[in-house]
Amino acid sequence: MSDFIALWPQSASAYSGRIDLLMWVFTALVVALSAPVFILIAYYAWKYRAGRKADRSDRVNRNTLLEISWALIPFILIVILFVWSTRMFFTVHQPPPDAMEINVVAKQWMWKFEHAGGQREIDELHVPVGEPVRLSMASQDVIHSLYIPALRLKQDVVPGRYTSLWFTADKPGTYHLTCAEFCGADHSEMTGRFIVMEKPAFAAWLEQAGTDASLAAEGEKLFRSNGCSGCHGPAATVKAPDLEGLYGSPVPLADGSMVTADDQYIRDSILLPQSEIAAGYPPIMPTFKNVLSEDEVMKLVAYIKSLATTEDTP
Amino acid sequence: MTANPPSYLNAGHTIRSWLLTTDHKRIAVLYLVSVTFFFLVGGAAAGLVRADLLTPEGDLLTNEGYNRAFTLHGVIMVWFFLIPSIPNVFGNFLIPLMIGARDLAFPRLNLLSWYIYILGGLFTLIVLLVGGVDTGWTFYTPLSSMFSNGNVVLVAAAVFIVGFSSILTGLNFIVTIHRLRAPGMGWGRMPLFVWSHYATSIILVLATPVLSITLVLIAAERLFGLGIFDPSLGGDPLLFQHLFWFYSHPAVYIMVLPALGVISELVAAAARKPVFGYSFVAGSSIAIAIIGFFVWGHHMFVSGQSMYASAVFSFLSLAVAVPSGIKVYNWTATLYKGNILLDPPFLFAMSFIGLFVVGGLTGLALAMLSIDVHVHDTYFVVAHFHYIMVGGTISAYFGALHFWWPKMFGRMYPLTWGRITAATIFFGFNLTFFPQFILGFLGMPRRYHVYAPEFQTLHVLSSAGSTLLGLAYLLPFVYLGYSLVAGKRASANPWGATGLEWTVPSPPPKHNFVEIPTVTGRPYDYPVDKEDRR
């Protein structure tokens, strides 16, 4: 029977249980607010139908107190729901600092995932159980949207900016993963599997999915092969900003403002170098827009990130 | 009867006398014929979509074909049926009659706006013939500006053109309502139908230009590569969504507010009682129109916009429920101690209230941030907006058709068939769209024609409902068509309703009133115990 007609989605995290609870309370409220309307309409239509004898004296056409009450009570209930749902929304937008990073690149019409160790997969995402995971997502063409119903989570993947999503899956299993933003001809086939594994199984999977180099190491290779080291490296002749310790630190810009060197800033500096110029440096960096793909940029970001954690040598 | 001047219908029989008419009533009939045509085209596309969804493999249509079918369905239904239906047919016909005027303020502009509508419609039909468009009715960039293979520019041109028809109609209504009310008809004596059209017209005039600009930008981006929405040129894809929804969210109220006005009239006439809390109902139309301008961001909670912006949009979206709720509670209270005729107009009004309540309350679920994250872009949304825009607006449209038909054409139709239609539409509608709430909550994304097999049962139920619904929509063609030929002649006021439109003969004479009436009382002043109906 449950295969024939499903009525409730699978749940793979504690968060999804909390969403379901809110949904239940909301449904109860909906019934409480609308049932009187349906019942009274049906009752009045029967009781006061034309030709039937009923007491129609003392008809009132206004009752300000009554009207204010049925504006005010729903409003108060709405404020309660608003606070509840908004607090939950804010939690899913504030990832814990220790979350495991996975990069996602969406393109017409597939999902590409890359783990920190360099393991890549297409249309399948393996994650360990009980560990916070943060997805850092970019699109190569149109807007897509990563949707994992079992987590009750989705986030658009927008060309030109990084978006992110974090979760802690706590129930091993295989779930749907789909694209929810209409993205062209094969939109409905841009689906995949979200696989939650026990930690040892996940470690074994990472092992067998092995790769030559981590994302940061691949980024370092790109850093050299694309000539970035010629300007930003230690032996550079051109004066370019030093990238060691850059990630996460504030950067003063030529126009006097400050930005934080996050994923988005580093990406934009590579692809749109003229948009935010670091103070004190001539705007001479060329764009790498037509040179690097989104996954290559992500690897460079991973490399620059890894430089931030390097110990300062005296 | 013989003393009456000839009606607007027989004031001239040539095609020319219809196509060059400046009579608001004839223009309303022109709109009635043309919106009905587009309703059939859009409905056929919907039928194709529902038939394709019978199987999870989607083997009736190709991927491209499915995308083009649902896009066509959306474009036609939104811009060529739902937005113009009630204002341009019934607003046109009734506003001058209800406020005691001989015509709209600008009769020639009114005719021009019909021609603009037809021109836009022809463009859309051309797009259909040359292969259609595959972006969805929302035209999101950069899909529409850089990646689509469809005729985006042509269809944008069609919608751009039809936008002018909306703006002109809105302008005409505003000026008419301000300037041409009969002596004695103060703002507090205006029928609620007129109030709701006033609110709608404000939205039409203020929001539609933003849509026009957005469509021009898309065309420019596609033809000349401007880069406004292209991130690699420094543009922003989300800018499009802000511009688009700044129009398209208020557009929902363009579809619903006139419907709310219709329902107030139908409920009062059926119950033979003044609408409970007249000023609250009138004021809530204006409140909805105003708040409706500040909620567009609720379409973008998962787009990557700032979460603080999302929180503000969420709150305002939830707040719209309050004025909408006021209306529903007031209609219910109107029925108390009424003298209720269980005729087709009343049944359609009840159907409207049922569907509007379900659609409105599920809208609250979508306005709540964390629930929206889960159900956004799923069938839950599809079900929600069909309940409001289709269930609501079309119930009201059919209710209006059944209520004012005798006035428009001077003939009665068989009431039993009207009752059967109202009941079948209500049942068919719920069977079609209720399963979609469950589908969406289960995680079925919208705009998918290939889907996971566990969703099939619900899709089959939905398609079965849509077949029933389609048949029910066709029924009125039969008995209303029959009434034109063989229907009993209607009296001036077959429902025993109040309102100036019922004081003139059915169908009304060409210039509406022999003498402009003077209004002396409040609207809906029903005498308590009189039975003089039908």
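Going down the list, the protein sequences come from chains X and P.
Note that UniProt numbering gives residue 218 to position 218 of the first sequence, counting from 1, and the numbers run on in steps of one.
Note that UniProt numbering gives residue 60 to position 60 of the second sequence, counting from 1, and the numbers run on in steps of one.
Glycine included, C-beta positions come from ideal geometry on N, C-alpha and C.
Computed from a predicted model, the values in this text were never measured in an experiment.
Given Pro258/P as reference, the closest of Leu112/P, Phe173/P and Gly184/P once Cα atoms are compared: It is Phe173/P whose Cα lies nearest to the Cα of Pro258/P.
Residues, ordered as in the chain, of the segment 218–237 of chain X that lie near chain P by beta-carbon distance below 9 Å: Listed in sequence order: no entries.
Cα-Cα separation between Asn63/X and Arg189/P, rounded to whole angstroms: C-alpha of Asn63/X to C-alpha of Arg189/P: approximately 19 Å in a straight line.
Touching by the beta-carbon criterion (3+ pairs, under 8 Å), the segment 176–191 of chain P and the segment 218–227 of chain P: No, they do not touch.
Distance, Tyr524/P Cα to Pro274/P Cα: Distance between the alpha carbons of Pro274/P and Tyr524/P: 5 Å.
Own chain partners of Asn61/X with C-beta closer than 6 Å, once the 5 adjacent residues on each side are dropped: Hits under 6 Å: none found.
Interface flag, Asp59/P vs chain X, CB-CB below 8 Å: For Asp59/P, not one C-beta of chain X is nearer than 8 Å to its own C-beta.
Three-state secondary structure (DSSP) of Met1/X: Interpretation of Met1/X is limited by its pLDDT of 36, a score under 50 that renders its predicted location unreliable; the figure taken from the coordinates is listed afterwards. Three-state DSSP puts Met1/X in coil, outside helix and strand.
Stretch-stretch touch, CB-based, cutoff 8 Å, three pairs: the segment 379–397 of chain P with the segment 313–323 of chain P: At 8 Å Cβ cutoff, the stretches do not touch.
As assigned by DSSP and simplified to three states, the class of Lys327/P: The answer is helix: DSSP assigns Lys327/P an H, G or I state.
Exposed unless 16 or more other CB atoms sit within 10 angstroms - verdict on Ser264/P: Ser264/P comes out buried.
Min CB distance residue 539/P to chain X below 8 Å: Outside the shown range of chain P, which is 1 to 534, sits residue 539/P, and nothing can be said about it.
Met350/P: contacting residues in chain X (beta-carbon distance under 9 Å): By Cβ distance, chain X contributes Ile41, Ala42 and Ala45.
Own chain, CB closer than 6 Å to Asp295/X, minus 5 neighbours either side, in chain order: If we look at Asp295/X and ignore the five residues flanking it on each side, its Cβ neighbours are Val105.
is_contact[Pro56/P, chain X] using C-beta, thresh 8 Å: Contacts with chain X at 8 Å (Cβ-Cβ) do not include Pro56/P.
Option nearest Phe240/P by Cα separation, candidates Val83/X, Thr174/X, His93/X and Val158/X: With distances taken between Cα atoms, Phe240/P lies closest to Val158/X.
Residue from Leu369/P, Ala365/P and Gly399/P with nearest C-alpha to Ala383/P: For Ala383/P, the closest C-alpha among the options Leu369/P, Ala365/P and Gly399/P is that of Ala365/P.
Gly248/X and Thr260/X closer than 8 Å at C-beta: Yes; because the gap between Cβ atoms is below 8 Å, this pair is in contact.
Contact set for Ala287/P: own chain, Cβ-Cβ below 7 Å, skip 5 residues either direction: These residues qualify, in order along the chain: Pro323.
Pick from Thr55/P, Thr135/P, Leu122/P and Ala156/P that is closest to Phe147/P, judged by C-alpha positions: Of the candidates Thr55/P, Thr135/P, Leu122/P and Ala156/P, Thr135/P places its Cα closest to the Cα of Phe147/P.
Lys327/P at chain X interface by Cβ criterion, 8 Å: By this cut-off, Lys327/P is not an interface position.
3-residue-minimum beta strand (DSSP E) runs that sit fully inside the segment 286–340 of chain P, ordered along the chain: If one requires a minimum length of 3 residues, no beta strand (DSSP E) run lies completely within the segment 286–340 of chain P.
Secondary structure, alpha helix (DSSP H): runs of 4+ residues fully inside the segment 355–405 of chain P: Correct list: 369–375 and 379–385.
Endpoints, the beta strand (DSSP E) within which Pro250/X is located: Here the beta strand (DSSP E) through Pro250/X covers Pro250 to Pro252.
Short Cβ contact (8 Å threshold) for Val155/P with Val127/P: For the 8 Å CB-CB criterion, Val155/P and Val127/P form a contact.
Cutoff 8 Å: Thr163/X Cβ touching any chain P Cβ: So, interface residue.
Ser306/X in three-state terms, based on DSSP: Correct three-state label for Ser306/X: helix.
Closer than 8 Å to chain X by CB, Gly521/P: No, no contact with chain X.
Beta carbon of Thr332/P nearer than 8 Å to that of Ile41/X: Ile41/X is positioned such that its CB atom lies closer than 8 Å to that of Thr332/P.
Helix, strand or coil at Asp156/X according to DSSP, with G and I counted as helix: Correct three-state label for Asp156/X: strand.
Where the beta strand (DSSP E) through Trp111/X begins and ends: In the DSSP annotation of this structure, the continuous segment of the beta strand (DSSP E) that includes Trp111/X starts and ends at Met110 to His115.
Rounded distance between the beta-carbons of Glu67/X and Gly277/P, thought under 8 Å: So it is a contact: roughly 5 Å between Cβ atoms.
Residue environment, Pro283/X, which counts as buried when at least 16 other CB atoms sit within 10 Å: Pro283/X counts as exposed, since fewer than 16 other beta carbons sit within 10 angstroms of its beta carbon.
Assigned secondary structure, His13/P (DSSP; H/G/I helix, E/B strand, else coil): Assignment of His13/P by DSSP, reduced to helix, strand and coil, places it in the coil class.
Beta-carbon spacing of Phe167/X, Ser13/X below 8 Å: In terms of Cβ geometry, Phe167/X and Ser13/X form a close pair [threshold 8 Å].
The segment 334–346 of chain P: positions lying closer than 7 Å to chain X by Cβ: Those would be Leu335, Tyr336, Lys337, Gly338, Asn339, Ile340, Leu341 and Leu342, in chain order.
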